[in-house]
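First up is the structure itself, then whatever we jot down about it.
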Amino acid sequence: MPTNGARPRIAVVGLGYWGPNLVRNFAAMQSCELALICDADAEALAKAQLLAPEARVTQSLDEVLADEGIDAVALATPVPTHADLAIKVLQAGKHCFVEKPLAQTVEDAQRAVDASDAAGKVLMVGHLLEYHPAVTALADLIAEGELGDVLYVYSNRQNLGQLRSDENALWSLGAHDVAVILSLLGEEPEQVTAVGEAYVRPGVEDVVFGYLRFPSGVAAHMHLSWLDPHKERRITVVGSKRMAVFDDMRIEGNLTTCG
Ligand SMILES: NC(=O)c1ccc[n+]([C@@H]2O[C@H](COP(=O)([O-])OP(=O)(O)OC[C@H]3O[C@@H](n4cnc5c(N)ncnc54)[C@H](O)[C@@H]3O)[C@@H](O)[C@H]2O)c1
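Everything in the sequence shown is counted per our numbering, starting at 500 for the first residue and increasing by one.
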């Protein structure tokens, strides 16, 4: 990042369904400058430009990478591109924010982490729920012992659509739950199972049930689906003293406890 007090200059690459949200937020931030936006697709680029009229535009990722004025790049491109593009960004000497999931294999994720280490640049994955005020409040409740010992956690992330073809329900939805569960529990699972079924598109699991078990004995379950009549965005933590529910479908009172 600049050492002369200048605001870091950011580029956003990938302006399809999700990227415009990054553009809107970076454009509104005082602490950085959204300098460049990029999409190979001219129509997506033109639409996103309406959200950030001050930013320069390009259809070429190479132009972003070659721009010495860019300090960090945010990638919102399709999942199969993540690891390779993140590595390119890091090797170009820029910090990289990449949308979840970082990759779809451990090998690809490790290559990206290695590239970050080698370049001495930050690689951050867009696990945005970890920074949700209700999740940080939930983490505080656990840390302060309000719930007692955490016994088990389960999440529901279901709705009808959006059907995806290049990532399944685990990668698309479950990345958020895994990130939150790991940050709440502060330990790594010793047992991990996920079973999915592909009912709509062959080979792309639209319903996934995941199970994690931690060395402390805490269990976590995830019900992930985009083929479901209920729209649910909920994480439930059951403790020995109290239970807490983060219901992201509620605008107010989205974190409740009962005992
Ligand atoms: N955080 C969240 O809650 C959330 C929600 C939805 C999607 N996402 C993530 O956002 C990412 C993008 O998903 P999406 O639904 O927006 O995909 P999308 O297919 O709608 O958009 C991807 C865009 O990237 C562009 N692109 C691809 N390769 C490029 C390249 N080399 N150079 C320039 N542009 C390129 C495409 O033209 C397209 O416009 C995925 O990782 C997805 O999981 C996150």
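For glycine and all other residues, C-beta sits at the position ideal for the given N, C-alpha and C.
Beta-carbon proximity check, residue i vs residue j, cutoff 8 Å
i	j	result
residue 684	residue 707	no
residue 508	residue 569	yes
residue 727	residue 661	no
residue 601	residue 547	no
residue 512	residue 531	no
residue 734	residue 654	yes
residue 673	residue 625	no
residue 618	residue 640	no
residue 736	residue 649	yes
Reference residue i, options the options, closest by Cα
i	options	result
residue 582	565, 606, 561	606
residue 739	727, 758, 745, 748	758
residue 713	688, 604, 736	688
residue 677	618, 648, 615, 711	711
residue 543	510, 516, 617	516
residue 725	737, 734, 703	703
residue 571	555, 561, 591	591
Residues sharing a beta bridge with residue i, DSSP
i	result
residue 692	710
residue 626	In DSSP, residue 626 forms no bridge with anything.
residue 746	733
residue 594	571
C-alpha gap between residue i and residue j, whole angstroms
i	j	result
residue 755	residue 635	13 Å
residue 526	residue 647	42 Å
residue 563	residue 615	18 Å
residue 696	residue 599	21 Å
residue 596	residue 700	30 Å
Query raised in the report: Quick check: the segment 576-584 against the segment 656-666, are there 3 or more CB pairs under 8 Å?
Result: yes
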